[in-house]
Amino acid sequence: MVETWMPRTATDLAEELGNAVPMETILGYLEAATEHLRSVSAVETFIPVLAERMARERAQALAQAEGLATKDAPEVLFVCVHNAGRSQMAAVLTKAMSGGRVNVRSAGSTPASEINANVVKAIEEEGLDLSQEFPKPLTDEAVRAADVVITMGCGDACPVYPGKRY
């Protein structure tokens, strides 16, 4: 269902990506993200903001996978079942240790509603921050855009593409 804020957000994202991804595709991503977030969120206040972030990541991944956007660094995708523990930790640690030389995404085959509190605490003890992160669903676009896909217990739920490093 298209909500009042979606068309403008889709237009803005399309322009941000140099119109490499059609506005209609981005609108579909916004709808899917909103539906997913509603299914796992207890509070709806931040759904538009989170849906925009999810749609942006998905549209960027599509543009990269289709060769319509350049990559400034290799892409690594960490995948676990819930995207609430292992993959989140791996992503934040890789970001910190790579110093920006690697772009990192994380996703889950069946994402949880929130990141595990023990994971947040452990990462904070290392001086790192997960406050802007949240569990995201695994998308075809994220796998296709990744140069390396690191699966962490999701088994055959992860799509396999020829030429990808797993």
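Going letter by letter, the sequence shown gives residues 34 to 199 in our numbering.
Cβ atoms here follow ideal geometry from the backbone N, Cα and C, with glycine treated the same way.
CA-to-CA distance, methionine 39 to glycine 100, given in whole angstroms: Answer to the nearest angstrom: the Cα atoms are 26 Å apart.
DSSP-derived helix/strand/coil call for arginine 138: Assigned with DSSP and collapsed to three states, arginine 138 falls in strand.
Three-state secondary structure assigned by DSSP to proline 81: Looking at proline 81 - three-state DSSP - the assignment turns out to be helix.
Proline 55 versus valine 176: straight-line alpha-carbon distance, rounded: Computed Cα separation, rounded: 20 Å.
Where the beta strand (DSSP E) containing valine 112 begins and where it ends: Looking at the DSSP string, the run of the beta strand (DSSP E) that includes valine 112 is 108-113.
Chain B contact for glycine 118 (CB, 7 Å cutoff): Here chain B cannot be found, since the structure has a single protein chain.
Alanine 129 versus leucine 50: straight-line alpha-carbon distance, rounded: Alanine 129 and leucine 50 have their C-alpha atoms some 26 Å from each other.
Threonine 127 - DSSP class collapsed to helix/strand/coil: It is helical.
Beta-carbon contacts of glutamine 121 that lie in its chain and below 7 Å, excluding the five residues immediately before and after: Taken in chain order, the residues that qualify are Ser139, Ile148, Val152, Leu163, Glu166.
For proline 170 and alanine 66, the rounded distance between their alpha carbons: One C-alpha to the other measures close to 9 Å.
With 16 other Cβ atoms within 10 Å as the buried cut-off, status of glutamate 159: When all chains shown are included, glutamate 159 counts as exposed.
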